[in-house]
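K.L.:
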Amino acid sequence: MATAKELKELSAEDLQRRATELRDTLFQDQLKRRTGSLDSPAERTQHRRDLARVLTVLTQKAKAAKQG
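Under the numbering used here, the residue at position 35 of the sequence shown is numbered 175, and the numbers go up by one with no gaps.
1. Could you tell me whether the Cβ atoms of ARG163 and LEU191 are closer together than 9 Å?
2. What number of angstroms, rounded off, separates the C-alpha of ALA205 from the C-alpha of GLN168?
3. Between ARG184 and LEU147, which are expected to be in contact by the criterion C-beta below 8 Å, what is the C-beta distance as a whole number of angstroms?
4. Of all the options GLU153, THR160, ARG174, which has the alpha carbon lying nearest to the alpha carbon of ARG188?
5. Beta carbon of ARG173, beta carbon of PRO181: below 9 Å?
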């Protein structure tokens with residue numbers, strides 16, 4: 141996944157799209173975990189961290205736009 145520095149270069153629409161994709165991925169990971177077919181629990185942790193990173197950058201961009 142991209143670093144926070146790379147994410148800051150993306151537009152807000154791209155960040156929203158990426159957040160949606162990561163939420164879908166996390167949902168699929170949850171289903172796989174419950175059925176016992178999740179290959180690596182570490183992937184789920186990585187997806188959660190990636191989503192948090194994207195949402196953090198998105199919030200920073202929103203605050204910067206609000207301030208002017």
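Glycine included, every Cβ here is placed at the ideal spot set by N, Cα and C. Nothing here was measured: the structure is a model prediction, and the numbers come from that model.
P.N.:
Looking at the coordinates:
1. Taking C-beta atoms as the reference points, ARG163 and LEU191 count as a pair closer than 9 Å.
2. Rounded to whole angstroms, ALA205 to GLN168 spans 33 Å at the Cα level.
3. LEU147 and ARG184 do not touch by the CB rule: their CB atoms are close to 20 Å apart, not below 8 Å.
4. Ranked by Cα distance from ARG188, the first of GLU153, THR160, ARG174 is THR160.
5. Contact flag set, yes.
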